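With the numbering used here applied, the sequence shown has no gaps in its numbers, which climb one by one up to 634 at the end. We treat Cβ as the ideally placed atom computed from N, Cα and C, and that holds for glycine. As the structure is a prediction and not an experimental result, all values here were calculated from the model. This report refers to the structure that appears directly beneath it.
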Amino acid sequence: MTCPTLLSATPLLLSLEDASAQQLSDAFTSQDVVYFSAGAGGKGGEERTKKVDYEGAVKVFDAIELVKGDGVSKKPRLVLVSAIDVRDPERIPAHYNADDIAVSKRMRAAIPAYMHWKYEADKNLAKRTSFSWTILRPGGLTNEPGTGNAEVGRTHLTKTISRDDVAEALAVLVDREDAAGLAIDIVGGDAPIEKGLVTAIEKGETDFLG
């Protein structure tokens, strides 16, 4: 009889807005991976969006850099959840079609502060070299049950993806140190999530246009 592996966690309550980078760094010490999946959720206007989605993210980057140790291997890896189409607004990806451009324009008109500050955070992260990082960029999120399948890599903007499937992708990335330095788009699709991620990682093409 095979017994299931028991997993547990010890919660730590810290405010991303109020905690210092050093407090976060203390929490990150001796950890292998840090996940960043915070967001203001459109509440509090642009000021709070900037505070959480940009300043909070940068604080986490700084905190990882503060973790003591020699070399990248001594610091935790970061897996950051961003969003598809977060990019330099003046640079349109070559694979976008007319529908993608239309969706992009609608999103930027509806949530301009979110798109701007997510971009500034991702741009800041892309310049960091003292620790390993990967950005996962899901499309529009739904609460539908996950399918275990997705389209990964240079995708289109018209498809959504279940939060369950994003969580599965994040679980796969915990062991994928070879995804360092990549930003990976993911939307609903037909390929098994792990297979799609492996293919995207092997291609080594980042989906972030900074």
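Span separating the alpha-carbon of residue i from that of residue j
i, j, result
"G464", "E618", "Here the sequence assigns Ala to residue 464, which means Gly is not the residue at that position. Computed Cα separation, rounded: 29 Å."
"A550", "D524", "24 Å"
"S454", "I488", "11 Å"
"A615", "G572", "8 Å"
"R515", "E470", "23 Å"
"N521", "A604", "28 Å"
"S504", "F460", "The sequence given here has Leu at residue 504, not Ser. Cα-Cα distance, rounded: 5 Å."
"V457", "V482", "16 Å"
"P500", "A507", "22 Å"
"A705", "A518", "With the chain running from 425 to 634 in the structure shown, residue 705 is simply not present."
"A574", "G620", "7 Å"
"A462", "V484", "11 Å"
"T566", "D602", "29 Å"
Nonlocal neighbours in the same chain, by C-beta distance under 6 Å from residue i, ignoring five residues either side
i, result
"P562", "I585, V590 and I610"
"E544", "Y478"
"S449", "A487, L490 and V491"
"V598", "V457"
CA nearest to the CA of residue i, picked from the options
i, options, result
"E568", "G612, D602 and A545", "G612"
"N647", "G628, E479 and D602", "Absent from the model: residue 647. The displayed extent of the chain is 425 to 634, so no value can be given."
"I367", "R587, A518, V596 and G634", "Because residue 367 is not part of the residues shown, which for the chain are 425 to 634, the question remains open."
"T558", "P517, L502 and Q447", "L502"
"G634", "A607, G628 and G620", "A607"
"T553", "D450, S449 and D486", "D486"
"K498", "F555, D442 and K467", "F555"
"G466", "K529, V622, I535 and A443", "I535"
Same chain, Cβ closer than 7 Å to residue i, five either side skipped, listed in chain order
i, result
"T426", "Any reading at T426 must be qualified, since the residue scores a pLDDT of 49, below 50, and its modelled position is unreliable; the value itself is stated next. Excluding residues within five positions, none has a Cβ falling inside 7 Å."
"M531", "D509 and M539"
"G570", "S586, D588, D589 and E592"
"T473", "A464, A537, Y538 and W541"
"F452", "V458, A487, I488, V491 and P500"
Cβ neighbours of residue i in the same chain (closer than 8 Å, five flanking residues each side left out)
i, result
"T582", "D523, D524 and V527"
"K627", "G577"
"D546", "L504, S506, V510, I559, A607, F632 and G634"
"E629", "G577, R578 and L606"
Residue i CB to nearest heavy atom of the ligand NAD below 7 Å
i, result
"R561", "The ligand NAD is not part of this structure, which contains no ligands at all."
Is it a yes or a no for the segment 566 to 580 touching the segment 485 to 505, going by three-plus beta-carbon pairs under 8 Å? no
What are the uninterrupted segments assigned as alpha helix (DSSP H) that are 4 or more residues long and contained completely in the segment 433 to 503, given in chain order? 445 to 452, 469 to 473 and 481 to 490
Assess contact between the segment 510 to 523 and the segment 433 to 440, defined as three or more Cβ pairs (one per stretch) separated by less than 8 Å. Is contact present? no
Entirely within the segment 579 to 608 and at least 4 residues each: give me those alpha helix (DSSP H) ranges in chain order. 587 to 597
Restricting to runs no shorter than 4 residues, where is the alpha helix (DSSP H) found entirely within the segment 507 to 582? 522 to 534 and 536 to 550
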